[in-house]
Amino acid sequence: MLLVSISVGVMSGLFIALVRLNLGMPGHKAFFWMTPVLISRLHGRCRIGTTLGGLFAAITTYSMGAHLAGGVIGMPIIVAAAIILDWTVNFIEKNNFSGFKMILLLGIAGAAANLVCLSKRMILPAGLSPHFILGVSGTWFRICSYAFFGLLSGVVAAISVIHKQDNYKSFRSK
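Quick note, the sequence shown lines up with residues 1 to 174 if you use the numbering used here.
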C-alpha cells in the first residue's frame, strides 16, 4: 500500500505539472494533489500514505518544472500539510468514526492543511501575487479560497470512503 500512495502522489504531481488549468483561484491545486492522495490513504490504510504521497507529488511537480510546492523551500510545508491529514485519518481510524463525523473531521483537516500551504506563499521570494475573481481580491479572499479547496478535498475523500462502505454493506446483505 505504501507504493500505491507514492504512485498516486507521482501521478498527482504529473497531472499538476502537465495540465495547466489556469483557474486563477488561490489554493485550487490542493484539490488535485490532496484529494487523490487522501483517497489512496483512506482506501489503502497505509499509516503514512498521505505524507509520502504529498512529498512525491511535490517532488514530481518540482522535477517537471512546475510549482506545487514553490520549489525546495516550500516542500516541507506540503509535507506538513500531508502530516496533518495523516494524523487526522489515523485518529478517525483509531476511534472508528464514519459518516458525518468522518466528513466533518476530514473537511476541517483539509481546510487546515491547505491553510498551512498558504503559508508557503508568504515565504517565497515572489510573495503573494494578486488574484481577481469577479472583482474580489485581497487577503481574506485568498484565505477563504485556500480553506474552501482544502475543505472540498477532505469532504470528497471522505464521501468516497463512505460510498465504498455503503456499497460493500449492500453487497454483503445480498
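No residue lacks a Cβ here, since even glycine has one placed at the ideal position from N, Cα and C. Remember, it's a predicted structure, so these values are computed and weren't measured experimentally.
Legend entry - Contact belief for G27 with L118 at Cβ below 8 Å, rounded distance in angstroms: 7 Å
Legend entry - For L18, the three-state DSSP class (helix, strand or coil): helix
Legend entry - Closest by C-alpha distance to R45, when choosing among V4, F149, I108: V4
Inset, instruction - Give the single residue among F56, L68, I59, G24 whose Cα lies nearest to the Cα of R142. - result: G24
Legend entry - CB-CB length for T88 against L115, believed under 8 Å: With a Cβ gap of about 14 Å, T88 and L115 do not count as contacting.
Inset, instruction - Please determine, among S153, R47, A147, M11, the residue with the shortest C-alpha to C-alpha distance to I103. - result: S153
Inset, instruction - Specify the secondary structure class of F171 as computed by DSSP and reduced to three states. - result: With a pLDDT of only 45 at F171, under the threshold of 50, the placement of this residue in the model should not be trusted; the figure read from the coordinates follows. DSSP places F171 within a helical segment (H, G or I) once states are collapsed to three.
Inset, instruction - Output the residue ranges of the beta strand (DSSP E) runs that lie fully inside the region 73-127 and measure 3 residues or longer, sorted by chain position. - result: none
Inset, instruction - Could you spell out where the alpha helix (DSSP H) holding M34 opens and where it closes? - result: 29-44
Legend entry - 9 Å Cβ cutoff met for G74 and I6: no
Inset, instruction - Find the nearest neighbour of S176 within the set H43, T60, M1, R47, judged by alpha-carbon distance. - result: Missing from the structure shown is residue 176; the chain here goes from 1 to 174 and no further.
Legend entry - Simplified DSSP state of G49, which is helix, strand or coil: In the structure shown, G49 sits in a helix (DSSP, three-state: H, G or I).
Inset, instruction - Check G70 in the structure and name its three-state DSSP category. - result: coil
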